[in-house]
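Protein chains: 2
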Amino acid sequence: MTLDAAAPARTRGTVRIVGTGLLGTSAALALTLRGVDVVLTDPSPTAVALARDLGAGRLAGPEDDPALVLVACPPDVVADVVADELEVFGAAVVTDVASVKGGPLKSLRAMGADLTRYVGSHPMAGRERSGAVAARTDLFAGRPWVIAPTEAVGPSALQAVRDLALDCGGVPVTMPAHEHDEAVALVSHAPQVAASLVAARLRDASEPAVGLAGQGLRDVTRIAGSDPALWSQILAGNAGPVADVLEALREDLEEVIGALRALATDSGAPGARGRLARAIADGGAGRDRIPGKHGSAPAVYATVLVVVPDRPGALGRLLTDVGEAGVNLEDLRLEHSEGQAVALASIDVVPAAADPLAQALRSRGWTVPR
Amino acid sequence: MTLDAAAPARTRGTVRIVGTGLLGTSAALALTLRGVDVVLTDPSPTAVALARDLGAGRLAGPEDDPALVLVACPPDVVADVVADELEVFGAAVVTDVASVKGGPLKSLRAMGADLTRYVGSHPMAGRERSGAVAARTDLFAGRPWVIAPTEAVGPSALQAVRDLALDCGGVPVTMPAHEHDEAVALVSHAPQVAASLVAARLRDASEPAVGLAGQGLRDVTRIAGSDPALWSQILAGNAGPVADVLEALREDLEEVIGALRALATDSGAPGARGRLARAIADGGAGRDRIPGKHGSAPAVYATVLVVVPDRPGALGRLLTDVGEAGVNLEDLRLEHSEGQAVALASIDVVPAAADPLAQALRSRGWTVPR
Chain W
1 MTLDAAAPAR
11 TRGTVRIVGT
21 GLLGTSAALA
31 LTLRGVDVVL
41 TDPSPTAVAL
51 ARDLGAGRLA
61 GPEDDPALVL
71 VACPPDVVAD
81 VVADELEVFG
91 AAVVTDVASV
101 KGGPLKSLRA
111 MGADLTRYVG
121 SHPMAGRERS
131 GAVAARTDLF
141 AGRPWVIAPT
151 EAVGPSALQA
161 VRDLALDCGG
171 VPVTMPAHEH
181 DEAVALVSHA
191 PQVAASLVAA
201 RLRDASEPAV
211 GLAGQGLRDV
221 TRIAGSDPAL
231 WSQILAGNAG
241 PVADVLEALR
251 EDLEEVIGAL
261 RALATDSGAP
271 GARGRLARAI
281 ADGGAGRDRI
291 PGKHGSAPAV
301 YATVLVVVPD
311 RPGALGRLLT
321 DVGEAGVNLE
331 DLRLEHSEGQ
341 AVALASIDVV
351 PAAADPLAQA
361 LRSRGWTVPR
Chain S
1001 MTLDAAAPAR
1011 TRGTVRIVGT
1021 GLLGTSAALA
1031 LTLRGVDVVL
1041 TDPSPTAVAL
1051 ARDLGAGRLA
1061 GPEDDPALVL
1071 VACPPDVVAD
1081 VVADELEVFG
1091 AAVVTDVASV
1101 KGGPLKSLRA
1111 MGADLTRYVG
1121 SHPMAGRERS
1131 GAVAARTDLF
1141 AGRPWVIAPT
1151 EAVGPSALQA
1161 VRDLALDCGG
1171 VPVTMPAHEH
1181 DEAVALVSHA
1191 PQVAASLVAA
1201 RLRDASEPAV
1211 GLAGQGLRDV
1221 TRIAGSDPAL
1231 WSQILAGNAG
1241 PVADVLEALR
1251 EDLEEVIGAL
1261 RALATDSGAP
1271 GARGRLARAI
1281 ADGGAGRDRI
1291 PGKHGSAPAV
1301 YATVLVVVPD
1311 RPGALGRLLT
1321 DVGEAGVNLE
1331 DLRLEHSEGQ
1341 AVALASIDVV
1351 PAAADPLAQA
1361 LRSRGWTVPR
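Chains as they are written, first to last, in our numbering: chain W, 1 to 370; chain S, 1001 to 1370.
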């Protein structure tokens, strides 16, 4: 997905980016691309110079008068930095992109910060690589950008942060800070812990044992390569909600372990196999809740499989027959491996059309396995 | 990866395939492709007819005299079927492809089966789709094929099963049944449970919460879509080893929950952040043990990042300079997003060459971020 660079920026005035890591520099690049005046600052002179060299904006100076400040620094210092920026730039709206929202807000309240000009936010975007060098203009394109306003905030401040999210290509999603923190505990922080714990079990495995690893294990543990320093901050910052999710998971785990121990003693242990099947089935039901790749609801088509002879024109005849059956084909995949005399066509259609299509194709002589 | 169809088959005589699901039919297709005489049988006449129509072999008949029998049926009946085949074909070597090896072996011993002709095996291959229609000649190509012989087995029987694995394109790996079962508990069965339990937590999530899901969650939970009936059999069949792995995982989980609860009460709780960081770091160390996609050890190259101006000839100059630095380039990736005045080149080299290359490029005027 790319940004529509031609669309005019909604953001008015200068944007000050505090912290030129992956997120700060990516936002700066996207805003600069749209013609927004961006000034950059970072505790590291090397980091900010690199971001400037990448075309993310100009170096911040004492004469800057930003309308909006974006704080993109590590989670454990975000509240202090936001408070400073609110203080120094007494007319600016300040937002941050930290992955936890409740803790910083609580700290800001305790510090007596001006919450009429602060709107916390969290773009759901990232990469395995960090730093300005990994920044991309399209990092946020099409990704949810959570905006977590308090009741204290004014409508124009809220609009300014929504505009910023839109100018970066993000999709603004408004929810209260505590709801955000519970949501990311569920969809991001607890899954990170689970992936890391599964992967940690492999440390002492024998060479032949890890040699049996397949794609499933690689998928489950891909994010286990994440940065321990950053993630201990994120987890510590969202400790309560993450613990809630992990405790529920532990209860389910206890049930599975109990069923397995019962079966290890007595392979006919009553109810134990059912508990295992339910654990897997519940996982499937949860998995089905995850939206599709581009944030849309998952498309639920039915698939009709058809055996297609490896002969010229066979696929053309199949498509003609599908058309004559009056069925709208949503997707077609053809699979053929070396030396097989037939290929396998997978035809995706709306569920109601699957049975009629299968019957129509069988009546025209096609092999449609039941 | 494809099979080398031209290589002559090692397997001698007729191979009888019992069970024409995904694994049985795929093995039959690979063997038929190499010219081996394959006969097919399955409790379902439709299933076996489909496998024959797919070109997997001919229907089994009373006059068959197989040299080798491959049992590819559900795990809960595999021991009974293997015992029957050993009985009926008194000269044949019998193997099976069930994903658990200790339990069936124990049952066969209890039944007094002729273990001089039985060699359990388990090809580490599969697909999300099941049945003969999903079969592929190259399903096993390059994948480990575990062979778990007992001390009772004769050398020619063992060789016959190794030859079968090789003819199917697999890579034979010999290990005792209990070692196999512990290994798959670790790299396959426990990760399946973890993925399912993480996904199950999403069932009651709000729409906005699941809307924040990203690629990380999709990866962790991909295998949660697995078949509950099959997986409850697999887990029940390997209950002890899977419970051992999950209990160790539960201990780690307790530690993480303890640290989170401590931090939720007191954000400065001594040692708690360190425990979280260690959990993530341990996961990274475990993740590093997983071999690369094609079963080779993971290639550990160092990456040198270079900022490349978006001007004609710039990349050519860079490659020339890399060559003149006397460094062998292992891989190059170029990343450029819309509207950025520069691209970012990632150059993979052997670790010892990374620093010298970075210095050489800097001295030639390139921006190489530290």
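Even glycine gets a Cβ: it sits at the ideal position worked out from N, Cα and C.
Bear in mind the structure is a predicted one, so any value in this text is a computation, not a measurement.
So W/A135 and W/L253 are in contact, right, with Cβ under 8 angstroms, and what is the actual spacing, rounded? So it is not a contact: roughly 39 angstroms between Cβ atoms.
Using only the alpha-carbon positions, how far apart do S/C1073 and W/L105 sit? If I take the Cα positions, the gap works out to 58 angstroms.
Tell me the rounded alpha-carbon separation between S/L1334 and S/A1354. 17 angstroms
Collapsed DSSP secondary structure at W/T95 in the structure displayed: strand
In three-state terms, what does DSSP make of W/R10? coil
From the DSSP output, in three-state form, read off W/S346 for me. Note: W/S346 maps to strand in three-state DSSP.
Which whole-angstrom value describes the C-beta separation of W/A224 and W/S196, a residue pair presumed to lie in contact below a C-beta threshold of 8 angstroms? 5 angstroms
Using a beta-carbon distance cut-off of less than 7 angstroms, what residues from the region 225-238 of chain W approach chain S? G225, S226, P228, A229, W231, S232, L235 and A236
For a test of the three-state rule: what should DSSP assign to S/R1275, helix, strand or coil? Three-state result, S/R1275: helix.
Does the Cβ of S/P1351 have 16 or more other Cβ atoms within 10 Å, making it buried, or fewer, making it exposed? Exposed: under 16 other Cβ atoms inside 10 Å.
Are there three or more Cβ pairs, one per stretch, closer than 8 angstroms when the region 204-223 of chain W is compared with the region 171-183 of chain W? no
What residues in the region 1184-1206 of chain S have a beta carbon less than 8 angstroms from any beta carbon of chain W? V1184, L1186, V1187, S1188, A1190, P1191, Q1192, V1193, A1194, A1195, S1196, L1197, V1198, A1199, A1200, R1201, L1202, R1203, A1205 and S1206
Do you know offhand how far W/S346's Cα is from W/L305's? 5 angstroms
Using a C-beta to C-beta distance shorter than 7 angstroms, which residues of chain W count as neighbours of S/M1111? Here the premise fails: no neighbours, minimum Cβ distance about 15 angstroms.
Using beta carbons (cut-off 8 angstroms, strictly below), is S/V1100 in contact with chain W? no
How long is the line joining the alpha carbons of W/L249 and W/T137, rounded to whole angstroms? 37 angstroms
Determine the chain S residues that contact W/P380 at a beta-carbon separation under 7 angstroms, and present them in chain order. The structure shown does not extend to residue 380 of chain W, since chain W is modelled only from 1 through 370, so no value can be given for it.
Taking its Cβ as the centre, do 16 or more other Cβ atoms sit within 10 Å of W/Q340, making it buried, or is it exposed? buried
Could you tell me which chain W residues have their CB closer than 8 angstroms to the CB of S/L1217, listed as they occur along the chain? V187, S188, P191 and I290
Just checking: is the beta-carbon of W/D53 within a distance shorter than 8 angstroms of some beta-carbon in chain S? yes
Suppose contacts are defined by Cβ-Cβ distances below 8 angstroms. Is W/L115 in contact with W/A152 by that definition? yes
Using the beta-carbon count (16 or more within 10 Å), is W/E63 buried or exposed? With fewer than 16 Cβ atoms within 10 Å of its Cβ, W/E63 is classed as exposed.
C-alpha gap between W/P35 and S/G1313, whole angstroms: It should be pointed out that residue 35 of chain W corresponds to Gly in this sequence rather than to Pro. Distance between the alpha carbons of W/G35 and S/G1313 is about 28 angstroms.
Under 8 angstroms by beta carbon: chain W residues contacting S/I1223: G216, D219 and V220
W/L68 and W/L139 closer than 8 angstroms at C-beta: no
Does any residue of chain S bring its CB to less than 8 angstroms from the CB of W/I17? no
Per-residue burial, W/S363 [other beta carbons within 10 Å of its own, 16 or more giving buried]: W/S363 should be labelled exposed.
Determine, for W/G286, whether the minimum Cβ-Cβ distance to residues of chain S falls below 8 angstroms. yes
Using three-state DSSP, classify W/G258 as helix, strand or coil. helix
Taking the straight line between their C-alpha atoms, what separation do you get for S/M1111 and S/S1121? 19 angstroms
Should W/F374 and W/P123 be called a contact, given that it needs their Cβ atoms to be closer than 8 angstroms? Absent from the model: residue 374 of chain W. The displayed extent of chain W is 1 to 370, so no value can be given.
Through-space distance from W/R289 to W/L318, alpha-carbon basis: 34 angstroms
Check each residue of the region 132-160 of chain W: if its Cβ is closer than 9 angstroms to any Cβ of chain S, include it; give the result in chain order. A132, V133, A134, A135, R136, T137, D138, L139, R143, P144 and V146
Beta carbons nearer than 7 angstroms to chain W: which residues of the region 1247-1266 of chain S have them? E1247, A1248, L1249, R1250, D1252, L1253, V1256, I1257, L1260, R1261, L1263 and A1264
What whole-angstrom Cβ distance do S/L1086 and S/R1117 have, given they're in contact under 8 angstroms? Under the criterion of beta carbons closer than 8 angstroms, S/L1086 and S/R1117 qualify as touching, at roughly 6 angstroms.
Residues in its own chain within less than 7 angstroms of S/G1131 by CB, not counting five upstream and five downstream? The residues G1021 and L1022, in chain order, have a CB closer than 7 angstroms to that of S/G1131 in the same chain once the five nearest residues on each side in sequence are set aside.
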